[in-house]
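> Here our numbering is used: the first residue of the sequence shown is 98, the next is one more, and so on.
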Amino acid sequence: MNLNTKQFEAVTTTEGPLLLISGPGSGKTRTLVERTIYLLTEKKVKPENIFLSTFTEKAARELITRISERLKELGHKINLYEMYIGTLHSIFLRLIDENIEYSFFRSGYRVLDDVDQQFFIYSRIKNFSELEGYREFFRDIPANNSWERSQKILFWLNKINEEGRRLDNLKTENKKILFLKSAHKRYHEMLVEENIIDFTTIQREMYRILHNEDVLEKLKNKMHYIMIDEYQDTNSIQEKIIFLLGEKYKNICVVGDDDQGIYRFRGASIKNILQFPERFEQGVCKKINLDINYRSHEDIIRLCNRWINLINWREFRFRKDIVPPTDSSFPDYSGVVRIGGDSEKKWKDNIYKFIKNLKTTNKIEDYSQVAFLFRSVQSSNVKELKKHLESLGIPIYSPRSKDFFDRSEIKLVIGALLVYFPHCKYLILDEVQNRGNRIFDYYKECLTLLKKVIKNDEELYSWLVEKRKENSYETTLFIPSFRKIFYSLLQFDTFKNFIKIDINNVKEGRETYNLGVFSELLEKFERLSKVEDIQKDDVEKVIKYFFNVYLKNLYHKKIDEYENKEEFPLGAIPFLTFHQAKGLEFPIVIVGSLDSTPAFKERTEEDVLSELLRLDDNFEPRDKKSEFDFWRIYYTAFSRAQNLLVLTSIENRSGKNELPSRTFRSIYESIPYVTDEKFKLENLNVETLKKVEIKPLLSYTGHILLYDFCPLKYRFIKDFKFKPFYSKDTFYGIFVHRVIEKVHRDFLANLFDNNLEEIINDIGNSLEKELKTNFPAEIREKVRYHISNYLENSNLEDIVATEFEAYSIEKNYIMIGTLDLVKKTPLGIEIIDFKTGKFDKSRFEIYKHQLEIYAYLLKDKYSLENIKASLYYIDEENSKIEIDLDSSNIEKSVEKFDIIASELLKKNFPPRKFDDKCSKCEFNYYCMIKEES
């Protein structure tokens, strides 16, 4: 295993509660991998009895990959697809799905992000304004308009959910609390009605489902071993869920570092980790400190220890001292240095000289070996530094600088949309009506840029003039959706030049990825407004809502550019926030924002309200919270460095604004400058970036078939994240599949009582809202007729699983699949895949390959001779077609999957030959022009 003594102890201590305090660079991931391996191989624990949560999906995929590779090394064939591994949110979603029949939500629910969530509330603000106490609530809580009021409501609803607080049985005459009580109830009803769920409601719904005795009993019996990473950043409701799931076996291992608890603003409570041992009888919970830092130079370790011990933590911190490995020797140079300057200009110049020196002396091979960390990357001096370095030829990657709407590609698209609609002249661009309005000035900038660029694109100019004329005609009955207009712009050089098909780097392909983000914003607008193609009578209303409400609020909110959360691009220095850098490491880290001090926050009306509702975390003294949080966030930042930590600040000791602030002065002034002889740059040894192997997830239907149809379309949708259109041809199939799944799930839970018509109407009504379509009585009757036939001819008693997810770790990727139905047979199991429509010979081979892939995914659990596979054509009289599973055919299907996956992973994305099948594609304008040229 190659573990140190304490890591080995953590791996082999499996029974009972365990608190694993894991300092920076202490080998936490390796320990978790080996602990899981130990449970699987030595303790013979089944994968489905292990719950392992990580902070990010990237970390979860890394764990899956490393655990699978170790199992292969050890010669064990154990498929991990039944293990509960992922972020807490993703595991909770899986558990909700597996118990959906007990949920308020229905299969196929959609998860809202924060933008969706705020617009969802904003678009229904009238519903909230009618509630008792609304006026009193906003009398003392500042919010200037409906957008800001929706933001406040969102904050409070999330806070209530994160604490797992119930308000329905709260008796009070306080108008503000009465408003929140009603708002929370109304909001939940809206979510259920629309079948959508937000991130905090995921947790609340999981917690609510666990209050069903049958579900709780089943899951308590299932979760033999629970491991929670980054436990210091869990919130109250997550802690409650974890303890409910682990109630029977109590084999709960929590891993984290109280010194790196940095998510209080998202509801996290440091109390969870500090008081974890006290949740059990005295002496029952074992505590192990992983205190050897294998990551950092000894000077960095020393500075981090010094920093964290500068204040009196009293009982609100575990005492610990992080140390370097005893057998390590470090090169002779100062591992912590500073860069200053007595003016902003000198400061920026000194930083540039340092970076340039690293590159010219070959101390770094790539700029991405250096990372800048700040409290915020949106402050003016950070943006000025970024601009300065870029002007001198040093590339910067800073996706959270909120520069999205300042980008030329976005301004040009918005400019083109403003011109496309002649109505904008008087609705959006009226000078008198909009003078002094920031969004009006921004729209003028967009038009000015378009006017300048369009001089060199005559085709675009002519097209916009023509479309503008068409849209002013009385005979024009409807105008295409914003997304259709957007995709049609890709035929012109102005926009086509932003599509960097051959670039595989987010930094260099920035424009293309940002256009993908814009397509997502358009798709969100269509979903929120329930408008696609715009009817003539609705044009003015839709245009006003799009430009004066939707885009305006996004512009003021400021949104991020596309960010690849899997890895940072080579060839550029990342500018990151402290929170963004959590869990990462870099050879050289430059930490700014040394002008900050812990700020004591004045008590507000919202603080009083929070206390009344018992939503406040009163574990730490109120007057110490900001100080504790401040020390933790900088400790987290400092400890990201491997070989060199650089503290940087403009230096000013006179006047009120001392730089760096007094908080940092003692540490800052005790370390040498980079120009100091003590630094010894010549001895600096900079490690190469660690390549974390994260295998992509590839499915037959979602990836391989799409790439096989058109590699270029795959590139647009899967890599650049352009949002495709729904095909209305698939709506009936979605309807049938949802009903069948609901029947199967209800039957497995002993809840199915032949209430088929009720199920059909419930799902049909829900899908009408979700898909913006209509399922008339004859379609519903058709669904009822065919599913009734299926039920008459099927033995539901044999069902083992429905919507069963399986995966297999391959050499370069993870093959995944979702099986519609798994049934038991006398010899083993049968896989059934449901199809709608009539039997289509041309599609049969595709479906056959799909089932062969599914059989392959089950290879570690069942032998081939024990697996049957069938296609079930729900609309056919002779519905069921059994597929002959032959090992050589399965091998060929897997081989074809692998060949296509290899091309895909090589980033080889040629367009298909343009033909009739391309006519319905979102990107046909782009490809058609390429074909003609």
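C-beta atoms are modelled at their ideal positions from N, C-alpha and C, and glycine is treated no differently.
Source: prediction; values computed, not measured.
When the Cα of I398 is compared with those of K383, F579, K278 and S431, which residue comes out closest?
I398 has its Cα closest to that of S431, out of K383, F579, K278 and S431.
> State buried or exposed for Y887, treating a residue as buried only when at least 16 other CB atoms are found within 10 Å of its CB.
Buried, since its Cβ has 16 or more Cβ neighbours within 10 Å.
> State the DSSP-derived secondary structure class of F152, mapped to helix, strand or coil.
Note: F152 maps to coil in three-state DSSP.
> Quick one: what's got a C-beta closer than 7 Å to I293's C-beta in the same chain, skipping five residues either side?
Correct list, in chain order: Y206, R207 and L209.
> Return the bridge partner residues of T674 from the DSSP annotation.
Looking at the DSSP assignment, T674 forms a beta bridge with F471.
> Short check: CB of F828 to CB of T870, under 7 Å?
Yes, they are a contact pair.
> Within the segment 822 to 908, note down every full beta strand (DSSP E) run reaching 3 residues or more, in order along the chain.
If we require 3 residues or more, the beta strand (DSSP E) runs fully inside the segment 822 to 908 come out as 896 to 906.
> Is L848 near the ligand NAD, judged by its Cβ being under 6 Å from some heavy atom?
You won't find the ligand NAD in this model; it holds no ligand whatsoever.
> Please report how far the alpha carbon of L948 lies from the alpha carbon of V142, in whole angstroms.
Between L948 and V142, the C-alpha separation is close to 29 Å.
> When the Cα of D554 is compared with those of V529, K564, F579 and N594, which residue comes out closest?
The candidate whose alpha carbon is nearest that of D554 is N594.
> Helix, strand or coil for Q632 per DSSP?
Q632 falls in the strand class under three-state DSSP.
> Does any residue of chain C have a CB that is nearer than 7 Å to the CB of A966?
The structure shown contains no chain C; it is built from a single protein chain.
> Going by C-alpha to C-alpha distance, which of Y904, T915 and H800 sits closest to E838?
Ranking the options by Cα distance to E838, first place goes to T915.
> Kindly indicate the opening and closing residues of the alpha helix (DSSP H) around Y610.
First-last of the alpha helix (DSSP H) with Y610: R607 to S626.
> If I measure Cβ to Cβ from S1030 and keep anything under 6 Å in the same chain, skipping five residues before and after, which residues do I get?
Since pLDDT at S1030 reaches only 40, below the 50 mark, its modelled position is unreliable, and the value read off the structure follows with that caveat. Closer than 6 Å at the Cβ level, and outside the excluded window around S1030, lies no residue.
> Going by the CB atoms, is the gap between V351 and I334 shorter than 7 Å?
No, the Cβ-Cβ distance between I334 and V351 is not below 7 Å.
> What are the boundary residues of the alpha helix (DSSP H) that L341 is part of?
S333 to L342 is the extent of the alpha helix (DSSP H) around L341.
> Here's the rule I'm using: 16 or more other beta-carbon atoms within 10 Å means buried, otherwise exposed. How should G372 be labelled?
The sequence as given places Gln at residue 372; Gly does not occur at that position. Counting Cβ neighbours within 10 Å, Q372 comes out exposed, since fewer than 16 surround it.
> Given a threshold of 16 other Cβ atoms within 10 Å of its Cβ, counted over all protein chains shown, does G122 qualify as buried or as exposed?
By the 10 Å Cβ count, G122 comes out buried.
> If you drop the 5 nearest sequence neighbours on each side, which residues of the same chain put their C-beta closer than 6 Å to that of F644?
Cβ neighbours of F644 beyond the five flanking positions: I525.
> Could you check whether the segment 800 to 808 touches the segment 478 to 496, counting it as contact only if at least three pairs of C-beta atoms, one from each stretch, sit closer than 8 Å?
No, because fewer than three Cβ pairs between the segment 800 to 808 and the segment 478 to 496 fall closer than 8 Å, the two stretches do not touch.
> Can you name the residues that DSSP bridges to G914?
The partner list for G914 (beta bridge, DSSP) reads A903.
> Can you give me the Cβ contacts of K597 inside the same chain, cut-off strictly under 8 Å, excluding the 5 residues immediately before and after it?
Excluding residues within five positions, the ones whose Cβ falls inside 8 Å are E605, G606, E608 and T609.
> Closest by CA to H520, which one among V836, N568, S559 and D500?
Taking only the C-alpha atoms, the option nearest H520 is N568.
> Return helix, strand or coil for G512, following the three-state DSSP convention.
Note: G512 maps to helix in three-state DSSP.
> Would you call the CB atoms of L470 and L648 closer than 7 Å?
Contact: no.
> Which of helix, strand or coil does DSSP assign to K1010?
If DSSP states are grouped into helix, strand and coil, K1010 belongs with coil.
> Would the beta-carbon of I1042 fall within 7 Å of that of L149?
Outside the shown range of the chain, which is 98 to 1030, sits residue 1042, and nothing can be said about it.
> Among E875, Y135, G613 and S204, which has the Cα closest to the Cα of H173?
Considering only alpha carbons, the answer is Y135.
> For I964, which residues in the same chain have their Cβ closer than 8 Å to its Cβ, ignoring the five residues on either side in sequence?
Cβ neighbours of I964 beyond the five flanking positions: G925, I926, E927, I928, A952, L955 and L982.
> Could you work out which residue in V783, L744 and T760 is closest to V771 when comparing CA atoms only?
Among V783, L744 and T760, the Cα nearest to that of V771 is on L744.
> Could you give the uninterrupted runs of the alpha helix (DSSP H) lying entirely in the segment 414 to 492, keeping only those of 4 residues or more?
Listed in chain order, they are 441 to 457 and 477 to 488.
> Residues in its own chain within less than 7 Å of T922 by CB, not counting five upstream and five downstream?
Closer than 7 Å at Cβ, skipping near neighbours: K965.
> Going by other Cβ atoms of all chains shown within 10 Å of its Cβ, with 16 needed for buried, is E1028 buried or exposed?
Residue confidence is low: E1028 scores 42 on pLDDT, short of 50, so the model does not pin down where it sits. Its coordinate-derived value is still stated next. Under this definition E1028 is an exposed residue.
> Using only the alpha-carbon positions, how far apart do E106 and Q379 sit?
Each residue's alpha carbon lies about 20 Å from the other.
> Between which two residues does the alpha helix (DSSP H) containing D704 stretch?
Segment E702 to L709, the alpha helix (DSSP H) holding D704.
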